[in-house]
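Below is one structure; the comments refer to it alone.
Numbering (the UniProt record's numbering), first residue to last: 1 to 123.
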């Protein structure tokens, strides 16, 4: 359960700041489930990360602590992505979906779809 006086915008600010400083992140999307009063979701937020170095975010999980102290987490790997469900001490329950970027292949696979945002990386 969320701490009643916890400002969820603070969490989203941390996510945005973290996404901005990590050059490996191509795309960062979120859904704030705390704003929807029609349906009860098991998560406060769903965060989708499209990254270049997939293993960096699925093998070493110390980056989860950037958003707060973790109580518990669970990782599920599928063929297309990894899902990390995190229970934070402040009461937030967050689902992170980590996807490896391959924009050309994804656009061909799903026909007609393109990236909404593509960060330019200096290599």
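Note that CB positions come from ideal geometry on N, CA and C, so glycine has one too.
Coil, strand or helix - residue i by DSSP
i	result
residue 57	helix
residue 10	helix
Bounding residues of the beta strand (DSSP E) (the contiguous stretch that carries residue i)
i	result
residue 85	82-88
residue 95	93-100
residue 24	Run containing residue 24: none; DSSP gives neither H nor E here.
residue 76	70-77
residue 45	45-51
Cβ pair residue i, residue j closer than 8 Å
i	j	result
residue 47	residue 15	yes
residue 24	residue 50	no
residue 41	residue 68	no
Nonlocal neighbours in the same chain, by C-beta distance under 7 Å from residue i, ignoring five residues either side
i	result
residue 74	85
Close beta carbons around residue i, own chain, < 6 Å, minus the five adjacent residues each side
i	result
residue 97	48, 81 and 83
residue 99	50 and 81
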